[in-house]
Amino acid sequence: MKNREIAEIFETIADLLEIKGEAVYRIIAYRRAGEALRSLGRDVKKVWEEGSLEALPGVGKAIAAKIDELLRTDRLEFYEKLTAEVPPGLADVLKVGGVGPKKAARFWEELGITAIDELEQAARKGKLHQLSGIGERSEARILENILALKRQHTGRILLGEAWTTAQKLLSRLRELKGVQRAEAGGSLRRMCETIGDLDLLVGAEDTPLVIQAFVVFPEVDRILGQGGTKASVELVDGLRVQLWAHPPERFGSALQYATGSQGHNVRLREVAQKVGLSLSEHGYQDQKGGMIFCPEEEEVYAVLGLPWIPPTLREDRGEIKAAKDSELPQLIELEDLKGELHTHSVWSDGRSSVIEMAEAAIELGMEYLVISDHSRSLTIAGGLSIKDLQSQRTEIKRVQKIIGKKLTLLQGCEVEILANGALDYPDEVLQELDIVIASLHTSLRQPREQVTERLLRTIKNPHVDIIGHLTGRLIGKRDPADLDIEAILQAAAEHDVVLEINSNPERLDLKDTHARLALASGCRLAINTDAHHPDHFNFRRYGVGTAQRAWAEAPSIVNTWPLDRLQVWLKSRG
DNA sequence: GCCGTTTTCGGCCCGACTGTTTTCAGTCG
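This note's numbering puts the first residue of the first sequence at 170, with every later residue one more than the last.
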């Protein structure tokens, strides 16, 4: 049983207990345990085998026993009893906007509703508003939200997509009269791999005016809620956007609040409480009612004696303790990247020539650029024959002469890890290349042992320098290969093989938790764009965001190294 | 149900908006 499956069970338990009206902190405990499993990075089975389940944050005796039962028997008696009592379909009913545990319980008890479809039928027949305390407006809103839920394909969109939409909205907001500042918060600012909704924050004196101007933006399809300081809307493309507006002197605390995560904010407010302060989006309040305003986010943390915590760390994954102990990492930044180690050109499936890619790299101030086209067996992507590879070398040398010393071009290759575990070129060919990236594109669905073995064999090949997009996942489209991540990380650390964080927003592979585990295992990483066009160099911000979420510092990322150091390393590998 | 250099028991973040009511519960982030 996988981490995610166990997390889902705990989250459903939390929902059902809430509908049952159980103690709220018991419910929170199950949600926190679910979150802990999702952000673990390691296979919980390994933790279980070590007997250290209770060392996980949010996992105590009772929940550890439940994880144990699930891993041993694939079943959970507590869960089975609970679902016999409260229909599990009610957990889905909670996903409908405007329906929380209290209403779900009443629909079930008074109307016998146990699933979303039944709720829809009841709403259409006007049965909901016959209940006391529920009017026709609530009924209409619930029906509307059921239809909205059905329209949404996955519910979450890719980071890259959210980024683009947010930038458009922010620049429009900044043009509004009276707006002094506008920033994105939420999971976008934290650079999560997918985004559920956009959280935008504006600093302005006349906040209702800004809110009113925002809700009539042409891309707004419907208004879900609107007050003097916040509005919630759905855009024509279905994306939901929250806008908060606060006076500039409160911008820092408001931005901190809007950035989250919820878990981080709860922890921070607990720290505030211990020194007799109450923290909200408006600022700090002392016990006598006096306010401390924070125009800048740094001040929110400074009041508690903490250094500013970068948004990408704010996941309640130990960052507040690290801040207290002055042990926050010196995070990698975009400016630290000195070059790019994984790109494609028209020689295989890229859309630009070597010189076009080189010129774009120069424009971005890179010191070096690796052209790494696909190997021969990936015919669908125009993989290069050994002869083509030699012609390409001539071409790269020719371009190098044209561009001079502004950029150093290296010839690499993204070599296929074949289904049988061999590489797509013989060692003699790999040896001629400046750098070798080995990747899986095919037979990703092999059983765990087999795919893992392919990767282990690849890592042991002395000519392989980097493993590209380790799991092969495409977020929301293709599941990652089933791998023994820990065995692979251990081997990579041992053989000094670098693992790539592929920055393409569809991949982000390694993902944050795996990258964090890789660093803890002693692996080095590279942040690569896998660019097939100069525009794709923009993906670097997502790769850096992912690396930051893994608590990565620049020295662990090989393409922050200057060229001479990189070349010494490559030479040492033979 | 978890957790502890204030605690092994008694705490566990905080406010905005909505709808249906007449003062607030429910939902949401």
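Cβ coordinates follow ideal geometry from the N, Cα and C atoms, glycine included.
Cα-Cα separation between residue i and residue j, rounded to whole angstroms
i, j, result
"E585", "H543", "7 Å"
"L369", "A351", "7 Å"
"A331", "P595", "42 Å"
"R241", "P226", "21 Å"
"H513", "A527", "11 Å"
"G421", "N630", "51 Å"
"G304", "V268", "14 Å"
"R358", "T252", "37 Å"
"I478", "I188", "36 Å"
"R685", "G372", "35 Å"
"G203", "A650", "23 Å"
"H415", "Y453", "15 Å"
"D704", "E536", "18 Å"
"D237", "W217", "7 Å"
"E655", "L446", "43 Å"
"G581", "L312", "56 Å"
"R201", "I282", "28 Å"
"V385", "L338", "12 Å"
"I565", "L578", "7 Å"
"K271", "G302", "12 Å"
"A607", "R626", "11 Å"
"L599", "L592", "9 Å"
"W516", "I555", "12 Å"
"G637", "E583", "8 Å"
"S208", "A687", "14 Å"
"I644", "I326", "9 Å"
"T363", "P674", "9 Å"
"E669", "E618", "22 Å"
"A719", "R306", "46 Å"
The alpha helix (DSSP H) enclosing residue i, as first and last residue numbers
i, result
"A400", "Run containing A400: none in the alpha helix (DSSP H); it sits in the beta strand (DSSP E), 399-404."
"L259", "258-262"
"W277", "270-280"
"W720", "Neither: W720 is in no alpha helix (DSSP H) and is coded neither H nor E."
"K337", "328-344"
"N314", "305-320"
"S422", "420-428"
"L732", "732-742"
"K493", "488-493"
"S286", "One detail in the question is off: residue 286 reads as Asp in this sequence, not Ser. Segment 285-293, the alpha helix (DSSP H) holding D286."
"M170", "No alpha helix (DSSP H) holds M170; DSSP gives it neither H nor E."
"V523", "523-532"
Given residue i as reference, the closest of the options once Cα atoms are compared
i, options, result
"S522", "Q615, L318, A491, H701", "H701"
"D375", "P387, A662, K399", "K399"
"A353", "D261, D390, V410", "V410"
"T621", "G641, P480, L643, D653", "D653"
"A382", "Q349, A607, R341, G365", "R341"
"A716", "E219, P498, L259, W277", "P498"
"E601", "G459, L558, V472", "L558"
"L613", "G590, E597, L599", "G590"
"S430", "S356, D286, P476", "S356"
"T333", "Q425, Y711, K680", "Y711"
"L316", "Q425, I285, K346", "I285"
"D518", "E177, I549, K646", "I549"
"W277", "L393, L297, N671", "L297"
"A661", "G645, I670, S690", "S690"
"M460", "R419, K443, T481", "R419"
"P387", "D406, L378, I540, G394", "D406"
"V666", "K646, H632, P480", "H632"
"N434", "V444, E484, W730, P464", "E484"
"A529", "K575, D494, I364, G487", "K575"
Limits of the beta strand (DSSP E) - the one that residue i falls within
i, result
"H543", "537-543"
"A695", "694-697"
One or two residues paired with residue i in a DSSP bridge
i, result
"W413", "L370, K399"
"T512", "A700"
"L132", "A query on residue 132 cannot be resolved here, the shown segment of the chain reaching from 170 to 743 and no further."
"L553", "S544"
"I188", "I188 pairs with nothing; no bridge assigned."
"I726", "L694"
"L206", "Per DSSP, none; premise fails for L206."
"L500", "E722"
Closer than 7 Å: residue i CB and nearest the ligand ADP heavy atom
i, result
"Y248", "With respect to the ligand ADP, the structure offers nothing, as it holds no ligand at all."
Ordered list of beta strand (DSSP E) runs contained in the region 433-480, each at least 3 residues:
447-449, 452-454
What beta strand (DSSP E) runs, 3 residues minimum, are completely inside the region 349-400?
366-373, 389-395
Taking only runs of the beta strand (DSSP E) that begin and end inside the region 647-688, which ones reach a length of at least 3 residues, in chain order?
667-671
Residue ranges of each beta strand (DSSP E) run of no fewer than 3 residues wholly in the region 575-653, ordered along the chain?
577-585, 604-608
Secondary structure, alpha helix (DSSP H): runs of 4+ residues fully inside the region 208-246
213-219, 230-242
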